[in-house]
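Enquirer: Using the numbering used here, you'd call the opening residue of the sequence shown number 5 and step up by one each time.
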Amino acid sequence: MGDDGAKNVLLAMAFLTAGASLGALASILMTQKARREKRRAGRAFTPEDTTAIAFHIAKLSQQLALEQQQQQQQHQKQGHQQEPSMAYPLQDGGSSTASEAVSSGEPPLASAETVDGTQAQVASLVEQEGSKDELASNGKGASQKTSASTQKVAESPSEVARKRRGFVETAKAVLERETEIDQYRRNDDVDAFADVLSVYRTQYQNWRKGKHRGATTTHERMLTKGLTRHLSHVDPADIDTPELSRSSSKDSLTTHLWQQLNLGPSNASQKPVKITVVGGGAYGTAMAAAAARNGHNVIIYVRRRELAREIKLTRRNDQYLPGHELPGNVSATVDLKEALLNTELIIHALPAQRSPDWIREHRDLIPPNVLYCSTAKGLHLATQSLLSTAMLEAFGRPQPFAVLSGPSFAKEIVAKQPTSVVVASKQLADAVKIQRLMSSTTFRIYASQDTVGVELGGALKNPLAIGAGLIEGLGFGINTMSAYVTRSSAELTSLAIAMGGKPETIAGLSGIGDLMLTAFGDLSRNRSCGVRLVKGESLEEILASTTVEGVPTAKVAVAFTESCNLHLPIFRTVNNILSGKLKPEDFVVTAMMTRPLSTETHVSPLSEVESSHLGKQCIL
Ligand SMILES: NC(=O)C1=CN([C@@H]2O[C@H](COP(=O)(O)OP(=O)(O)OC[C@H]3O[C@@H](n4cnc5c(N)ncnc54)[C@H](O)[C@@H]3O)[C@@H](O)[C@H]2O)C=CC1
Ligand SMILES: O=C(CO)COP(=O)(O)O
Numbered sequence: 005m006g007d008d009g010a011k012n013v014l015l016a017m018a019f020l021t022a023g024a025s026l027g028a029l030a031s032i033l034m035t036q037k038a039r040r041e042k043r044r045a046g047r048a049f050t051p052e053d054t055t056a057i058a059f060h061i062a063k064l065s066q067q068l069a070l071e072q073q074q075q076q077q078q079h080q081k082q083g084h085q086q087e088p089s090m091a092y093p094l095q096d097g098g099s100s101t102a103s104e105a106v107s108s109g110e111p112p113l114a115s116a117e118t119v120d121g122t123q124a125q126v127a128s129l130v131e132q133e134g135s136k137d138e139l140a141s142n143g144k145g146a147s148q149k150t151s152a153s154t155q156k157v158a159e160s161p162s163e164v165a166r167k168r169r170g171f172v173e174t175a176k177a178v179l180e181r182e183t184e185i186d187q188y189r190r191n192d193d194v195d196a197f198a199d200v201l202s203v204y205r206t207q208y209q210n211w212r213k214g215k216h217r218g219a220t221t222t223h224e225r226m227l228t229k230g231l232t233r234h235l236s237h238v239d240p241a242d243i244d245t246p247e248l249s250r251s252s253s254k255d256s257l258t259t260h261l262w263q264q265l266n267l268g269p270s271n272a273s274q275k276p277v278k279i280t281v282v283g284g285g286a287y288g289t290a291m292a293a294a295a296a297r298n299g300h301n302v303i304i305y306v307r308r309r310e311l312a313r314e315i316k317l318t319r320r321n322d323q324y325l326p327g328h329e330l331p332g333n334v335s336a337t338v339d340l341k342e343a344l345l346n347t348e349l350i351i352h353a354l355p356a357q358r359s360p361d362w363i364r365e366h367r368d369l370i371p372p373n374v375l376y377c378s379t380a381k382g383l384h385l386a387t388q389s390l391l392s393t394a395m396l397e398a399f400g401r402p403q404p405f406a407v408l409s410g411p412s413f414a415k416e417i418v419a420k421q422p423t424s425v426v427v428a429s430k431q432l433a434d435a436v437k438i439q440r441l442m443s444s445t446t447f448r449i450y451a452s453q454d455t456v457g458v459e460l461g462g463a464l465k466n467p468l469a470i471g472a473g474l475i476e477g478l479g480f481g482i483n484t485m486s487a488y489v490t491r492s493s494a495e496l497t498s499l500a501i502a503m504g505g506k507p508e509t510i511a512g513l514s515g516i517g518d519l520m521l522t523a524f525g526d527l528s529r530n531r532s533c534g535v536r537l538v539k540g541e542s543l544e545e546i547l548a549s550t551t552v553e554g555v556p557t558a559k560v561a562v563a564f565t566e567s568c569n570l571h572l573p574i575f576r577t578v579n580n581i582l583s584g585k586l587k588p589e590d591f592v593v594t595a596m597m598t599r600p601l602s603t604e605t606h607v608s609p610l611s612e613v614e615s616s617h618l619g620k621q622c623i624l
């Protein structure tokens with residue numbers, strides 16, 4: 005393939021990606037009746053919608069920027085003078101709107117005020133380049149080509165250059181829109197955002213109309229339909245799942261598109277930014293190491309001067325992670341103002357029960373527009389609520405917020421043991437931002453919007469891990485432990501779903517994954533707490549020596565089961581042991597072996613077991 009041909013294919017891929025992304029976001033919007041009704045009522049999209057859309061638009065503009073860069077590199081390689089990427093004069097003549105262009109079958113000459121150009125160019129270029137790619141990749145498309153599209157393939161270099169100029173102007177307009185949209189999103193101005201997005205919706209409709217008229221191959225129709233169908237049912241966070249790619253992997257062009265839609269390489273290179281970690285304990289130090297390995301400038305805020313000095317001078321934190329040296333780009337301070345100056349991301353790693361009060365005390369120093377990522381795993385006892393609810397209440401204002409959770413012992417992260425976690429934010433773009441800033445080949449982050457599921461998975465596994473420690477301490481065998489972990493998984497799943505978490509999230513890293521780690525892993529402080537209780541240590545002694553999130557969380561978990569009218573005996577028995585109502589040696593019998601015989605999947609309503617709880621509603 006010649007250089008021009010290669011460029012054309014690149015262009016076509018970019019346009020296809022643009023079309024698919026816009027198609028996906030528009031179909032998400034258009035296919036849901038409830039949302040149409042909301043739109044009529046004046047509030048077109050929920051914040052979740054807008055996030056999903058912003059994400060797709062971000063993908064589109066990212067792709068456009070990449071395309072420009074590739075063009076420039078190509079030109080430089082060929083010894084051409086670099087083209088002024090954004091400074092082309094507007095073209096005169098030609099079609100000025102997408103609909104005209106689509107009906108004429110010609111790409112429009114772009115003008116700064118028409119983002120419409122993207123759709124029409126997609127419609128036209130898909131015909132040429134998609135089919136060319138098909139020809140090149142499987143050789144089967146030749147007989148399907150029409151003479152009209154063959155003519156287009158043989159376009160003159162000046163025609164190609166003209167299209168490219170249109171593309172650049174379109175990219176510029178889209179990028180400007182993205183900035184605008186991001187502002188609306190940050191301000192939670194849903195109505196204004198809806199207005200801006202309706203432009204995209206119209207473009208999509210125009211494009212679909214033109215596309216159906218202009219589609220020349222079964223392959224192309226399948227591609228459009230297939231991608232739209234997948235994406236319209238899919239959480240954008242999941243677009244890189246193997247299931248989705250598999251379903252369309254027969255087709256090389258489609259596979260390529262899925263690759264384009266992926267969120268980036270696992271070790272996505274990022275511009276180094278400043279990242280602040282709040283808390284110099286085990287997990288804060290591990291997060292600092294993970295961020296610093298990606299080249300970021302990391303500063304840990306700690307309470308104690310000696311610890312700040314130790315980290316700065318020795319690059320170690322021997323109290324919490326003995327024997328590990330931190331990268332040179334990790335620093336520490338007791339001055340929160342200094343820690344937060346010009347920061348791009350705040351990673352919060354304090355124990356759960358301390359977290360809301362800490363935020364309340366320091367919120368005036370925390371910039372309200374900076375993304376705040378909590379790694380604390382617990383439920384909040386004082387307010388009997390999800391920790392994120394208590395933390396956001398403590399801010400007393402909107403704050404971009406995410407939760408990171410998953411099976412990840414701090415010690416193994418600093419030792420570069422390959423580790424996978426999940427980060428969830430209602431604003432998908434925020435989850436993706438953390439994913440891209442922090443992921444590396446030893447620390448892989450998945451993105452999610454299921455904040456409730458991710459948070460509950462990380463919190464609820466803690467009391468269950470204490471139970472596993474009790475079983476270990478009592479000397480039971482693997483039969484008992486396997487049954488216990490299985491029944492624990494069932495209880496975790498029932499409660500998390502009743503509270504609004506998604507089943508697939510609970511089956512994932514921050515749920516069953518983290519339960520496995522802490523129930524079986526000797527490094528778990530929750531599990532060790534169970535072992536130590538059996539040995540006769542008092543709970544006070546244990547809590548004075550280490551952080552055990554499962555203890556306060558067990559109480560709140562039981563309150564949640566009552567609110568959800570669920571009888572979950574393991575949670576209840578762990579809590580009864582922690583509050584001294586039962587002895588550790590009674591754990592297995594009470595939690596598992598003397599329950600009424602039942603089917604494996606039945607979860608008793610609490611009301612059947614304790615009539616006094618009848619009628620209580622789930623609190624979320
Ligand atoms: N250690 C681990 O492997 C993991 C921990 N986590 C979670 O991270 C959170 C933090 O845990 P770790 O770092 O392990 O605990 P840790 O006990 O090792 O460290 C807690 C740190 O917080 C500091 N701290 C406590 N109260 C404070 C306050 N009011 N102001 C300033 N600093 C304060 C302590 O001085 C200590 O440096 C917990 O919710 C835990 O569940 C999550 C995943 C793994
Ligand atoms: O949550 C953890 C790892 O994912 C750490 O568990 P522990 O708090 O029980 O040590």
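Virtual Cβ for every residue (Gly too), placed ideally from N, Cα, C.
Given the structure, does S359 come close to ligand 2, in the sense that its CB is under 6 Å from one of the ligand's heavy atoms?
Expert: Outside the cutoff, so no.
Enquirer: Nearest by alpha-carbon distance to I574: which of A548, V592, S583, K278 is it?
Expert: Cα-wise, what sits closest to I574 is V592.
Enquirer: Classify T598: buried if its beta carbon has 16 or more other beta carbons within 10 angstroms, exposed otherwise.
Expert: exposed
Enquirer: Consider the C-beta atom of L354 and the heavy atoms of ligand 1; say whether any pair is separated by less than 6 Å.
Expert: yes
Enquirer: For the beta strand (DSSP E) holding K278, just list the boundary residues, first then last.
Expert: 278-282
Enquirer: Below 6 Å, is the gap between the Cβ of R307 and the nearest heavy atom of ligand 1?
Expert: Yes, since a heavy atom of ligand 1 falls inside the 6 Å radius drawn around the Cβ of R307.
Enquirer: Taking three-plus beta-carbon pairs below 8 Å as touching, is the region 511-521 in contact with the region 423-437?
Expert: yes
Enquirer: By Cβ distance, which residues of its chain are closer than 7 Å to T509, with the 5 residues on each side in sequence left out?
Expert: S452, D454, G457, V458, G461, G515
Enquirer: Between the region 405-423 and the region 483-490, are three or more C-beta pairs nearer than 8 Å?
Expert: no
Enquirer: Are three or more beta carbon pairs between the region 545-558 and the region 376-384 nearer than 8 Å?
Expert: yes
Enquirer: Can F405 be considered in contact with ligand 1, in the sense that its beta carbon sits closer than 6 Å to one or more heavy atoms?
Expert: It does not: the Cβ of F405 is nowhere closer than 6 Å to a heavy atom of ligand 1.
Enquirer: Are T522 and A469 close, meaning C-beta to C-beta below 7 Å?
Expert: yes
Enquirer: What three-state label does DSSP hand R319 in the structure shown?
Expert: coil
Enquirer: Assess, as a yes-or-no matter, whether the region 315-327 is touched by the region 357-371 under the definition of 3 or more beta carbon pairs within less than 8 Å.
Expert: no
Enquirer: Use the C-beta contact count for L601: other C-beta atoms within 10 angstroms, 16 or more gives buried, fewer gives exposed.
Expert: exposed
Enquirer: Given a threshold of 16 other Cβ atoms within 10 Å of its Cβ, counted over all protein chains shown, does T379 qualify as buried or as exposed?
Expert: Buried: at least 16 other Cβ atoms inside 10 Å.
Enquirer: From D434 to P404, what distance separates their C-alpha atoms?
Expert: 7 Å
Enquirer: Identify, in the order they occur along the chain, each residue of the same chain with its Cβ nearer than 6 Å to the Cβ of A292, setting aside the five sequence neighbours on each side.
Expert: V281, V302, I304, V334
Enquirer: Counting pairs of Cβ atoms below 8 Å between the region 542-550 and the region 350-359, do you hit three or more?
Expert: no
Enquirer: From what residue to what residue does the beta strand (DSSP E) around I350 run?
Expert: 349-352
Enquirer: Sorry if obvious, but does the Cβ on T490 come closer than 6 Å to a heavy atom of ligand 2?
Expert: no
Enquirer: Straight-line CA distance for H571 to L464?
Expert: 15 Å
Enquirer: First and last residue of the beta strand (DSSP E) that includes A406?
Expert: 405-409
Enquirer: Is the Cβ-Cβ distance between L311 and G284 less than 7 Å?
Expert: Going by C-beta atoms, L311 is nearer than 7 Å to G284.
Enquirer: Is it buried or exposed for R536, if we count other Cβ within 10 angstroms and need 16 for buried?
Expert: Per the 10 Å Cβ criterion, buried.
Enquirer: State yes or no: is the C-beta of S424 nearer than 6 Å to some heavy atom of ligand 1?
Expert: no
Enquirer: Could you tell me the distance, in whole angstroms, from the CA atom of M395 to the CA atom of P360?
Expert: 5 Å
Enquirer: When burial is assigned at 16 or more other CB atoms within 10 Å of the CB, is T490 buried or exposed?
Expert: exposed
Enquirer: Looking at the secondary structure, which residues open and close the beta strand (DSSP E) in which Y450 lies?
Expert: 447-452
Enquirer: Under a Cβ-count criterion, where at least 16 other Cβ atoms within 10 Å of its own Cβ denotes burial, should Q77 be classed as buried or exposed?
Expert: Exposed, because fewer than 16 other Cβ atoms sit within 10 Å of the Cβ of Q77.
Enquirer: When you compare the CB positions of V527 and F413, do they come within less than 7 Å of one another, or not?
Expert: According to the sequence as given, residue 527 is Leu; it is not Val. Contact flag set, yes.
Enquirer: Below 8 Å on the Cβ atoms is my contact criterion, and I expect G584 with G534 to pass it. Report the Cβ-Cβ distance as a whole number of Å.
Expert: Going by Cβ atoms, the distance from G584 to G534 rounds to 15 Å, so no, they are not a contact pair.
Enquirer: If we ignore side chains and look at the alpha-carbon of each, how far apart do K437 and K587 end up?
Expert: Their backbone Cα atoms lie some 47 Å apart in a straight line.
Enquirer: Relative to the alpha-carbon of P467, which residue among P402, I475, N579, R440 has its alpha-carbon at the smallest distance?
Expert: Here the closest residue by C-alpha is N579.
Enquirer: Do you know how far the Cα of E163 is from the Cα of F447?
Expert: 47 Å
Enquirer: Have a look at L390 and A356 and give me their C-alpha separation to the nearest angstrom.
Expert: 10 Å
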